[in-house]
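One structure is given here, and the rest of the page talks about it.
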Amino acid sequence: MQPTWAVDYAVSDNTGNSGGGDRFRNEIGVDYSLQTMPSATDFIWTTFQQNTPADRKDVPKVTLFIENGDGVAYTYNNEIHVNANYLGSYSGDVKGEFTGVLYHEMTHVWQWYGNSQAPIPVGLREGIADFVRLKAKYIPGHWVQPGQGDSWDHGYDVTARFLEYCDSLSNGFVAQLNNKIRTGYRANYFVDLLGKTVDQLWSDYKAKYKGN
50 MQPTWAVDYA VSDNTGNSGG GDRFRNEIGV DYSLQTMPSA TDFIWTTFQQ
100 NTPADRKDVP KVTLFIENGD GVAYTYNNEI HVNANYLGSY SGDVKGEFTG
150 VLYHEMTHVW QWYGNSQAPI PVGLREGIAD FVRLKAKYIP GHWVQPGQGD
200 SWDHGYDVTA RFLEYCDSLS NGFVAQLNNK IRTGYRANYF VDLLGKTVDQ
250 LWSDYKAKYK GN
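Residues 50 to 261 in my numbering are what the sequence shown spells out, letter by letter.
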């Protein structure tokens, strides 16, 4: 089994004297970030049941950039960008929120995206990342409750809760789904793995939590 240290991690604080940058340095810090990145990677590999290097993406280095920008965070290739302005204005446990965001974004580094002919739907991509955050127990208070939401592929917390339900039907479902997406996304993967279409599963899920 390939140890996590085979991946190189780096953090670049490009915030200058911004309020968000000060809060990052005072309440989170580069050292904590460098500890959390490999911990998140290990957790993701375990969640995805990627026990050997052949199971995983070949990613030699992941770099985290803390910068003054917009939104919360985004990942491009093997670079994670977190907005210090979001951290600066966050009300509550900013270290816990940062950790949850980092688990979500690190999932984007390691999850499979399919291919150009059959890419993973955006809602499912974001839902898998939030599923990992959910399993890691870094759930913010504003997330929907189980059973809430209008569509399985809404993304983020709505899809994460639905994937949690699917995973309860067959332990390791999300890991198997991610593995299948490696060669391209197909809607019938839900049938292959759980015996029902995704729409049937969504209906069952909504019925289970009727009233939410």
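C-beta atoms are modelled at their ideal positions from N, C-alpha and C, and glycine is treated no differently.
Gly176 burial status per 10 Å Cβ neighbour count (16 or more: buried):
Walking along the sequence shown from the start, residue 176 turns up at place 127. Its Cβ being crowded by 16 or more others within 10 Å, Gly176 is buried.
Just to confirm, does Thr90 get its C-beta within under 8 Å of one of the non-hydrogen atoms of the ligand SAM?
Of ligands this structure carries none, so the ligand SAM is not represented either.
Between Asp248 and the rest of its own chain, which residues show a CB-CB distance below 8 Å, the 5 nearest in sequence each way excluded?
One-based indexing of the sequence shown puts residue 248 at position 199. The answer, listed in chain order, is Trp201.
Ile129: first and last residue of the uninterrupted beta strand (DSSP E) it sits in
Translated into the one-based positions of the sequence shown, residue 129 becomes position 80. From DSSP, the beta strand (DSSP E) with Ile129 extends over 128-132.
Is any beta-carbon of chain D found at less than 9 Å from that of Pro87?
Here chain D cannot be found, since the structure has a single protein chain.
Since Asn127 and Val108 should fall inside the 8 Å C-beta cutoff, what is the C-beta to C-beta distance between them, to a whole number of angstroms?
Reading the sequence shown from its first residue, position 78 is the one you call residue 127. Reading the sequence shown from its first residue, position 59 is the one you call residue 108. Right, the Cβ-Cβ distance comes to about 5 Å (below 8 Å), so this counts as a contact.
Are the Cβ atoms of Gly65 and Asn117 separated by less than 9 Å?
Walking along the sequence shown from the start, residue 65 turns up at place 16. Walking along the sequence shown from the start, residue 117 turns up at place 68. Going by C-beta atoms, Gly65 is nearer than 9 Å to Asn117.
Nearest CA to the CA of Glu154: which residue from Phe114, Asp253, Trp251, Glu213?
As a working mapping, residue 154 is identified with position 105 in the sequence shown. The option with the nearest alpha carbon to Glu154 is Phe114.
Report buried or exposed for Asn164, applying the criterion of at least 16 other Cβ atoms within 10 angstroms of its Cβ.
For the purposes of this step, residue 164 is identified with residue 115 of the sequence shown, where counting begins at 1. Asn164 should be labelled exposed.
Kindly list the residues whose CB is nearer than 6 Å to the CB of Gly137, restricted to its own chain and excluding five residues on each side of it in sequence; keep chain order.
Indexing the sequence shown from 1 puts residue 137 at position 88. So the list reads Gly68, Gly69, Arg72, once near-sequence residues are dropped.
Take the Cβ of Asp57 as the centre, count every other Cβ of all protein chains shown within 10 Å, and call the residue buried at 16 or more, exposed below.
For this step, residue 57 is matched to residue 8 along the sequence shown. It counts as exposed.
Considering only residues of the same chain and omitting the five flanking positions on each side of Tyr214, which have a CB-CB separation below 6 Å?
Stepping through the sequence shown from its first residue, residue 214 is reached at position 165. Cβ neighbours of Tyr214 beyond the five flanking positions: Tyr254.
Would you say Thr123 and Ile169 are within 9 Å of each other, going by their C-beta atoms?
Within the sequence shown, the letter at position 74 stands for residue 123. Within the sequence shown, the letter at position 120 stands for residue 169. Checking the displayed sequence, the identity of residue 123 turns out to be Tyr instead of Thr. No, the Cβ-Cβ distance between Tyr123 and Ile169 is not below 9 Å.
Determine whether the beta carbon atoms of Trp161 and Ile230 lie at a separation below 9 Å.
Taking the first residue of the sequence shown as position 1, residue 161 is located at position 112. Taking the first residue of the sequence shown as position 1, residue 230 is located at position 181. Cβ distance < 9 Å, so Trp161 and Ile230 count as in contact.
Local conformation of Ile177 per DSSP, three classes:
Indexing the sequence shown from 1 puts residue 177 at position 128. In the structure shown, Ile177 sits in a helix (DSSP, three-state: H, G or I).
Could you pull the start and end residues of the beta strand (DSSP E) that Ser61 belongs to?
Here residue 61 is taken as the residue at index 12 of the sequence shown, counted from 1. Note, Ser61: beta strand (DSSP E), 57-62.
Sort Leu250, Asn63, Leu218 by Cα distance to His130 and report the nearest one.
As a first step, residue 130 must be located in the sequence shown, where it is residue number 81. Among Leu250, Asn63, Leu218, the Cα nearest to that of His130 belongs to Asn63.
Could you tell me how far apart the beta carbons of Leu226 and Leu250 are, in whole angstroms, since I believe they sit closer than 8 Å?
Translated into positions along the sequence shown, residue 226 becomes position 177. Translated into positions along the sequence shown, residue 250 becomes position 201. Rounded, the Cβ-Cβ distance is 12 Å, inconsistent with contact.
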